[in-house]
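Down below is the structure, laid out as structure tokens.
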Amino acid sequence: MIQKSFMQGLISGILAAVAGVIYMKIYQNALGPDFHKIVNIGNIAGGAIFACMLFGLLSWLLEKFNMLKLKGWFYIVIAVLSFASIIYPISISLPLDIQNPELFPGLVIPMHFFPALAYFTIEPFFNKGN
Amino acid sequence: MKKLIFPVLIGATLFFSAFTFMRSASWKIADGYSIKFSSSDPSGVFTSFKGDIAFDANNLGASKFNVSIDPASINTGNGMKNTKAKSDQYLDVTKYPAIKFTSSKISKTAAGYEATGTLDMHGVQKQITIPFTFANNTFTGSFTVNRVDYQVGGTTGMASHTATDLKIDISVPVTK
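Here the protein sequences come in this chain order: A and B.
In this text, residue positions in the first sequence follow numbering that gives the first Met the number 0: the first is 0, and each later residue adds one.
In this text, residue positions in the second sequence follow numbering that gives the first Met the number 0: the first is 0, and each later residue adds one.
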């Protein structure tokens, strides 16, 4: 079971990272801001994989302790935390040599939803019986 | 007539050389200037600065600063704060597109120099004194501005969280 949770976390993390990097490229090409000092391929991939692996670990713990009936609430918590986390890019002050900080939330906020989106999307492939 | 040629030439040379001395006190603002403001909240920079600087340490009477900052160039590092600072709640950059300082007197002090003049911000003109030094072709100064004196923002509601005294640190490299 832990193997299944591990794979779901890893694959969804990779998918979320790919989505994040593609979105960053499109956003930068469309609007031109350069936030590479703060947001780059490394920390997008790291953040997405870490978040999805954490979801996988918590999901495995629910299974291990026979608390699968709480899985719906677990997913609600993931969604709420993803939403709540957008306050960070809105409130953060960037280094002063970075121009157009107004465009920073538009880059980062969608990325905060990619891990949950990827994890939920591939869920049916890993829990066919549930 | 020939007797007059040399006295006229000498006079003309002296006359035009006087302009050379006047011109030598004039400086151009070079890239790499820094106009920072800091407080408990907010802190940031203005990235657009221009003006005329005439400074001669040996002739302070002929020295003068006439400089301005574009308030729309404010960067606090945070998009929401930038938008609010530019809005009519604070700097109102549409109505007041420049923060100007025009010196009326520059004098020598123990630590360097000080420029006394008028700071025109947000439609309010007040006399201030800015202490500064000049070394390695760079003007460096530091002073404090109370935003309420210039009617920039209020002191109640959300504005009460915004510091009233802002420390301004200026570093302006110049070239001839």
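C-beta atoms are modelled at their ideal positions from N, C-alpha and C, and glycine is treated no differently.
{"Item": "Do you know offhand how far Phe36 (chain B)'s Cα is from Gln150 (chain B)'s?", "Value": "17 Å"}
{"Item": "Buried or exposed: which applies to Gly19 (chain A), given that a residue is buried once 16 or more other Cβ atoms fall within 10 Å of its Cβ?", "Value": "buried"}
{"Item": "Report the rounded CA-to-CA distance for Ser23 (chain B) versus Thr137 (chain B), giving the unit in angstroms.", "Value": "The predicted model places Ser23 (chain B) with a pLDDT of 49, which falls under 50 and marks its position as unreliable; any figure quoted below should be read in that light. Near 16 Å, if we compare the C-alpha coordinates of Thr137 (chain B) and Ser23 (chain B)."}
{"Item": "Check Lys68 (chain A) in the structure and name its three-state DSSP category.", "Value": "helix"}
{"Item": "Could you give the uninterrupted runs of the beta strand (DSSP E) lying entirely in the stretch 29 to 109 of chain B, keeping only those of 3 residues or more?", "Value": "33 to 37, 43 to 45, 48 to 53, 63 to 68, 98 to 107"}
{"Item": "Going along chain B in order, which residues have a C-beta closer than 9 Å to the C-beta of Ser92 (chain A)?", "Value": "Pro41, Ser42, Gly43, Thr75, Gly76, Asn77, Lys80"}
{"Item": "Taking all protein chains shown into account, do 16 or more other C-beta atoms lie within 10 angstroms of the C-beta of Trp72 (chain A), making it buried, or fewer, making it exposed?", "Value": "exposed"}
{"Item": "Identify which residue in B:Ile52, B:Val144, B:Asp148 has its Cα closest to the Cα of Ser38 (chain B).", "Value": "B:Val144"}
{"Item": "Using the Cβ count rule (16 or more neighbours within 10 Å means buried), how would you classify Ile40 (chain A)?", "Value": "exposed"}
{"Item": "Once you ignore the five residues that flank Phe20 (chain B) on each side, which residues in its own chain have a CB closer than 6 Å to its CB?", "Value": "Since pLDDT at Phe20 (chain B) reaches only 46, below the 50 mark, its modelled position is unreliable, and no value is offered."}
{"Item": "Hey, could you find the ends of the beta strand (DSSP E) Pro104 (chain A) is sitting in?", "Value": "Per DSSP, Pro104 (chain A) belongs to no beta strand (DSSP E); it is in the alpha helix (DSSP H), 103 to 125."}
{"Item": "Locate the alpha helix (DSSP H) running through Lys157 (chain B), then write down its first and last residues.", "Value": "What sits at residue 157 (chain B) in the sequence shown is Met, not Lys. Segment: none, Met157 (chain B) is in no alpha helix (DSSP H) and carries neither H nor E."}
{"Item": "Quick one: does Ile108 (chain A) have its CB under 8 Å from some CB of chain B?", "Value": "no"}
{"Item": "Keeping to the same chain, check which residues put their C-beta closer than 6 Å to that of Asp51 (chain B); ignore five residues upstream and five downstream.", "Value": "Asn65"}
{"Item": "Please check the pair Ile89 (chain A) and Pro104 (chain A), which I expect to be a contact at CB under 8 Å, by giving their CB distance rounded to whole angstroms.", "Value": "5 Å"}
{"Item": "Check whether the Cβ atoms of Ile28 (chain B) and Val173 (chain B) lie closer than 8 Å to each other.", "Value": "yes"}
{"Item": "The alpha helix (DSSP H) that contains Lys154 (chain A), what's its start and end?", "Value": "With chain A running from 0 to 129 in the structure shown, residue 154 (chain A) is simply not present."}
{"Item": "Rounding to the nearest angstrom, what Cα-Cα distance links Phe54 (chain B) and Ser62 (chain B) in this structure?", "Value": "4 Å"}
{"Item": "What residue does the alpha helix (DSSP H) around Gln27 (chain A) start on, and which one ends it?", "Value": "1 to 30"}
{"Item": "Indicate whether the contact test is met: 3 or more Cβ pairs, each with one atom in the stretch 62 to 78 of chain A and one in the stretch 16 to 34 of chain A, closer than 8 Å.", "Value": "no"}
{"Item": "What does a CB cutoff of less than 6 Å around Lys3 (chain A) pick up in its chain, not counting 5 residues either side in sequence?", "Value": "Phe125"}
{"Item": "Below 8 Å on the Cβ atoms is my contact criterion, and I expect Asp91 (chain B) with His121 (chain B) to pass it. Report the Cβ-Cβ distance as a whole number of Å.", "Value": "7 Å"}
{"Item": "For Glu122 (chain A), return the contacting residues in chain B, with the cut-off set at a CB-CB distance below 9 Å.", "Value": "Neighbours of Glu122 (chain A) on chain B: none; closest Cβ ~35 Å, over 9 Å."}
{"Item": "What do you get for Ile73 (chain B), buried or exposed, if any count of 16 or more other CB atoms within 10 angstroms of its CB means buried?", "Value": "buried"}
{"Item": "Does DSSP classify Phe34 (chain A) as helix, strand or coil?", "Value": "coil"}
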